[in-house]
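Undergrad:
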């Protein structure tokens with residue numbers, strides 16, 4: 457296993473030619489240490505993971521792509537929810553895996569707006585491109601043609617398991633930061649809305665620290681702390697609703713937008729449909745009531761109320777479907 461660790465370390469270093477930067481996000485911060493200790497999550501090391509048979513990995517990928525009911529054709533968002541569901545399936549299949557995370561500069565600093573970028577193969581996004589602050593997918597160790605490599609399982613981008621170098625490359629951001637973490641980690645904390653504890657204010661006459669809640673309007677720059685899918689996130693059905701959003705949005709695309717997308721007489725309607733459903737921020741502000749900095753035009757919402765209500769029913773049905781699937785996977 458030590459040999460495996462050394463080989464993978466060399467693989468990580470070799471990525472320097474692509475310019476992406478490897479970041480060590482092992483749980484060093486208090487939040488992650490406490491979570492890891494309470495939940496029994498070991499600190500990430502490559503030696504934890506078995507080298508899987510490549511054919512077995514291909515079969516698992518094909519199952520995820522074709523038979524898992526995961527919607528990979530709406531890549532606008534919810535990669536963390538897809539990765540969580542894929543991880544559940546992989547655990548059922550006894551495939552040793554972890555997750556690769558890639559972060560845009562905009563997630564790492566206040567002073568950059570640069571994001572990850574992939575083409576919009578469906579021509580569904582209002583801008584014609586898909587931008588991410590981060591992307592995540594399950595990852596395995598396997599030998600390909602006798603050579604050990606780190607393979608990413610991401611049907612939203614590829615039709616087969618792919619090396620992590622190519623996975624990073626297609627996201628078109630040489631300034632991104634990536635890391636590998638145990639599959640148990642679901643998502644990460646951002647500074648907007650977070651509480652800050654200023655322990656340096658402690659002195660002999662002070663028994664409490666100064667707690668400050670940062671404003672929600674701050675950029676969603678990550679803190680470096682990750683968390684599991686547990687507690688209120690489970691009861692609030694974050695994964696199930698995220699998967700249902702993807703199902704519902706892609707059904708809208710195939711049923712409502714695709715039949716008119718090339719009709720010049722429907723150009724204004726196409727534009728409005730893309731605004732409502734081609735932007736995941738807008739979709740989630742409508743159906744999950746997530747706050748959005750870019751408010752939707754109330755007149756646009758009223759104009760399309762009937763179809764928005766129709767797809768709300770579809771969203772509710774798809775959520776119920778994923779509740780059942782998650783229960784079965786557990």
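Numbering (my numbering), first residue to last: 457 to 786. For every residue, glycine included, the Cβ atom is placed at its ideal position computed from N, Cα and C.
1. Applying the 10 Å Cβ sphere with the 16-neighbour rule, what's the burial state of residue 530?
2. Counting only runs that start and end within the segment 703-735, where is the alpha helix (DSSP H) found for 4 or more residues in a row?
3. Cβ of residue 607 within 8 Å of Cβ of residue 736?
4. By DSSP, does residue 560 sit in helix, in strand, or in coil?
5. Along the beta strand (DSSP E) that carries residue 682, what are the first and last residues, could you check?
6. Using the three-state DSSP reduction, which class does residue 641 fall into: helix, strand or coil?
7. If you drop the 5 nearest sequence neighbours on each side, which residues of the same chain put their C-beta closer than 8 Å to that of residue 564?
8. Fully enclosed by the segment 501-544, which alpha helix (DSSP H) runs are 4 residues long or longer?
9. If you pair each beta-carbon of the segment 679-689 with each one of the segment 712-727, do three or more pairs fall below 8 Å?
10. Do residue 556 and residue 595 have their C-beta atoms within less than 8 Å of each other?
11. Please check the pair residue 709 and residue 580, which I expect to be a contact at CB under 8 Å, by giving their CB distance rounded to whole angstroms.
12. Can you tell which of 689, 528, 480, 552 has the C-alpha that lies nearest to the C-alpha of residue 702?
13. Do the CB positions of residue 696 and residue 779 come within less than 8 Å of each other?
14. In this structure, does DSSP put residue 631 in helix, strand or coil?
15. For the alpha helix (DSSP H) containing residue 782, list its first residue and its last residue.
16. Hey, residue 639 and residue 543 are a contact pair by Cβ (cut 8 Å); roughly how many whole angstroms apart?
17. Might you give, ordered along the chain, the residues of its own chain that have their beta carbon closer than 6 Å to the beta carbon of residue 491, omitting 5 neighbours on each side?
18. Answer with buried or exposed for residue 546, where buried requires no fewer than 16 other C-beta atoms within 10 angstroms of its C-beta.
19. For residue 559, tell me which candidate among 552, 510, 602, 630 has the shortest Cα-Cα distance.
20. Got a sec, what are the start and stop residues for the beta strand (DSSP E) residue 752 sits in?
21. Whole angstroms is fine: what's the gap from residue 489's alpha carbon to residue 760's?
TA: Judging by the given coordinates:
1. buried
2. You should have 723-733.
3. no
4. Assigned with DSSP and collapsed to three states, residue 560 falls in coil, not helix or strand.
5. 678-684
6. strand
7. 633, 677, 678
8. 510-523
9. At 8 Å Cβ cutoff, the stretches do not touch.
10. yes
11. 5 Å
12. 528
13. By the CB criterion at 8 Å, residue 696 and residue 779 fall inside the cutoff.
14. coil
15. 761-785
16. 5 Å
17. Its pLDDT being 48, under 50, residue 491 is placed unreliably in this model, and the value from its coordinates should be taken loosely. Within the same chain, residue 491 has no close Cβ partners at all.
18. buried
19. 630
20. Careful: residue 752 lies outside any beta strand (DSSP E) and carries neither H nor E.
21. Only weak support exists for where residue 489 lies, its pLDDT of 45 falling under 50; the value from the coordinates is given anyway. Near 48 Å, if we compare the C-alpha coordinates of residue 760 and residue 489.
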